[in-house]
Amino acid sequence: PYIIAEPCVDVMDKACIEECPVDCIYEGGRMLYIHPDECVDCGACEPVCPVEAIYYEDDTPDQWTGYIQANVDFFDELGSPGGAAKLGRVDYDPPLIKALPPMGE
Ligand code: F3S
Ligand code: F3S
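If you want the UniProt record's numbering, it's the position in the sequence shown, counting the first as 1, plus 1.
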């Protein structure tokens with residue numbers, strides 16, 4: 002699947018949400034997360050992110066590979082909701098993200 006990495010933290014532009022045909026980009030506390038099982042690899046979200054936070058999993062820059070697991074971990078308690086719009090914002094971030102200092106501009 003595709004994943005969202007560190008540039009999204011505290012930015013949360015959400016342009017990506019509009020592009021996803023399967024509504025699998027979910028809003029957490031400090032960033033958004035792509036559901037690894039619901040993403041159909043269409044790639045539509047990747048070019049629209051203004052801060053280039055979205056990567057195909059295997060193309061994730063080395064310094065952000067921890068975000069591959071973070072996108073998985075976000076869904077530990079949620080399972081597979083089958084759509085982000087109806088779920089809405091979830092006030093949770095995996096420890097990797099939660100521990101970061103304030104980011105963005
Ligand atoms: Fe984040 Fe970029 Fe989407 S900043 S919310 S991944 S458009
Ligand atoms: Fe959606 Fe992006 Fe996957 S648009 S299907 S999250 S590649």
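In this text, a Cβ means the ideal position worked out from N, Cα and C, and glycines have one as well.
Is residue 43 near ligand 1, in the sense that its beta carbon is under 7 angstroms from a heavy atom of that ligand? It does not: the Cβ of residue 43 is nowhere closer than 7 angstroms to a heavy atom of ligand 1.
Are three or more beta carbon pairs between the segment 43-56 and the segment 72-82 nearer than 8 angstroms? Proximity of the segment 43-56 to the segment 72-82 falls short of the contact definition, fewer than three beta-carbon pairs being nearer than 8 angstroms.
Hey, could you find the ends of the beta strand (DSSP E) residue 33 is sitting in? 33-35 is the span of the beta strand (DSSP E), which, as asked, contains residue 33.
By alpha-carbon positions, which one of 92, 27, 64 and 89 ends up nearest to residue 7? When only C-alpha atoms are compared, the closest one is 64.
If you follow the alpha helix (DSSP H) that residue 19 is in, where does it begin and where does it stop? Residues 16-20.
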